[in-house]
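Novice: Supplied in C-alpha cells, the structure appears directly below.
2 protein chains.
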Amino acid sequence: MHREVALQIAQFQQQIEEIYLDRDRERGSARTFAWLVEEVGELSRALRGEDRANLEEEFADVFAWLASLASIVGVDLSQAAVTRYGAGCPKCHTTPCSCPPA
Amino acid sequence: MHREVALQIAQFQQQIEEIYLDRDRERGSARTFAWLVEEVGELSRALRGEDRANLEEEFADVFAWLASLASIVGVDLSQAAVTRYGAGCPKCHTTPCSCPPA
C-alpha cells in the first residue's frame, strides 16, 4: 500500500520550504515549534474521531510542521532519518527491534 | 543541501514498520501517540541545546514515531503528504503561501 506515491523526504521538505519557509523563518523556531505542538494536538483529536480524510490531513500537517521546523534550524530530515534508522533500531541495531519492551 | 539522500517517505515508513510495527501495534495507537509526544518533548529540549547530532536524532525520532503511528492506523504518510500539500498551501492553494499571517 505504501508504493503508490514515490515522494522523497527531501522533496517534501523542499516543497514545504517553498510554501512556508519565509514566513516560518520570520516566526522563528520557538514559535514554529509551538505550531507543531498545536498540530500534534489536532492529530490527537483526529485519532479519536471517525473522519479518515481529516486524520490523513492531520498526519500531513504534523509532518509539514516538522519539516518546516527542521528547515529553520538547518536539519535535513532525510539525512537525519537515514543516519538514525538506516541500520535498524538505533539502540539494538537490528530489524525488527529486539530491545526489551518499553 | 536536501538532495544527497533520496529516501522516499514510503520507504521510510516501510522501514519503520519492519523495525517496530509488531510491538507498536501491540502497544496500540493511544500509547504510541503518548510516545510520539514524549519524542516531541525531547525535540524541544534539543532545540534549546547546542548538540547538533542530538538535534538531528530527535527530528528523526519524531518522524519515526509519526510514521509508526500512521502505520498503526493505516495511514500512508506519503499519500497524505501529497494529497494535502501537492498543490501548495492547502488553504490558499498557492506557493509560497499567501494566507494572512497567523
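From first to last, the protein sequence lines stand for chains A and B.
Per the working numbering, the first sequence runs over residues 997 to 1098.
Per the working numbering, the second sequence runs over residues 997 to 1098.
Note that beta-carbon positions come from the ideal geometry of N, C-alpha and C, so glycine has one too.
None of the values given here were measured: they were computed from a predicted structure.
1) Look up residue 1004 (chain A) in the DSSP assignment and give the residues it is bridged to.
2) With 8 Å as the C-beta to C-beta threshold (strictly closer), list the residues of the segment 1049 to 1063 of chain B near chain A in chain order.
3) Relative to the C-alpha of residue 1036 (chain A), which candidate in B:1076, B:1058, B:1053, B:1006 has its C-alpha closest?
4) Helix, strand or coil for residue 1090 (chain B), going by three-state DSSP, please let me know.
5) If you count every other CB in all the chains shown that lies within 10 Å of the CB of residue 1067 (chain A), and 16 or more means buried, which is it?
6) I'd like to know if residue 1027 (chain B) contacts chain A, where contact means its C-beta is closer than 8 Å to some C-beta of that chain.
7) Since I believe residue 1004 (chain B) is in contact with residue 1074 (chain B) (beta carbons under 8 Å), could you give me their beta-carbon distance rounded to a whole number of angstroms?
8) Whose C-beta lies closer than 6 Å to the C-beta of residue 1051 (chain A) among residues of the same chain, with five residues either side of it excluded?
9) Along the alpha helix (DSSP H) that carries residue 1046 (chain B), what are the first and last residues, could you check?
10) DSSP state of residue 1037 (chain B), grouped into three classes?
11) Name, please, each residue of chain A whose Cβ falls closer than 8 Å to the Cβ of residue 1047 (chain B).
12) Over the uninterrupted alpha helix (DSSP H) stretch that includes residue 1071 (chain B), give me the two end residues.
13) Are the segment 1074 to 1092 of chain A and the segment 1018 to 1033 of chain A touching, with three or more C-beta to C-beta distances below 8 Å?
14) State yes or no: is the C-beta of residue 1032 (chain B) within less than 8 Å of the C-beta of residue 1062 (chain B)?
15) Can you name the residues of chain A whose CB is closer than 7 Å to the CB of residue 1066 (chain B)?
16) Compute the distance between the beta-carbons of residue 1048 (chain B) and residue 1097 (chain A), then report whether it is under 8 Å.
Specialist: Let me spell this out:
1) Residue 1004 (chain A) is bridged by DSSP to B:1004.
2) Taking 8 Å as the Cβ-Cβ cut-off against chain A, the residues of the segment 1049 to 1063 of chain B that qualify are 1051, 1052, 1053, 1055, 1056, 1057, 1058, 1059, 1060, 1062.
3) The residue with the shortest Cα to Cα distance from residue 1036 (chain A) is B:1058.
4) Look at residue 1090 (chain B) here: in three-state DSSP terms it is coil, with no helix or strand label.
5) Burial check for residue 1067 (chain A): the Cβ neighbour count within 10 Å reaches 16 or more, so the residue is buried.
6) It does not; no Cβ of chain A falls within 8 Å.
7) In this structure residue 1074 (chain B) is in contact with residue 1004 (chain B), their Cβ atoms being roughly 7 Å apart against a cut-off of 8 Å.
8) Here the set comprises 1042.
9) Run containing residue 1046 (chain B): none; DSSP gives neither H nor E here.
10) Residue 1037 (chain B) sits in a helix when the DSSP states are folded into three classes.
11) Under the 8 Å cutoff, chain A gives no residues; its nearest Cβ is about 12 Å from residue 1047 (chain B).
12) Residue 1071 (chain B): not part of any alpha helix (DSSP H); DSSP gives it neither H nor E.
13) With the cut-off at 8 Å, the segment 1074 to 1092 of chain A and the segment 1018 to 1033 of chain A do not touch.
14) Yes, Cβ-Cβ distance for residue 1032 (chain B) and residue 1062 (chain B) is below 8 Å.
15) Near residue 1066 (chain B) (Cβ distances below 7 Å), the residues of chain A are 1055.
16) In this structure, residue 1097 (chain A) does not lie closer than 8 Å to residue 1048 (chain B) by Cβ.
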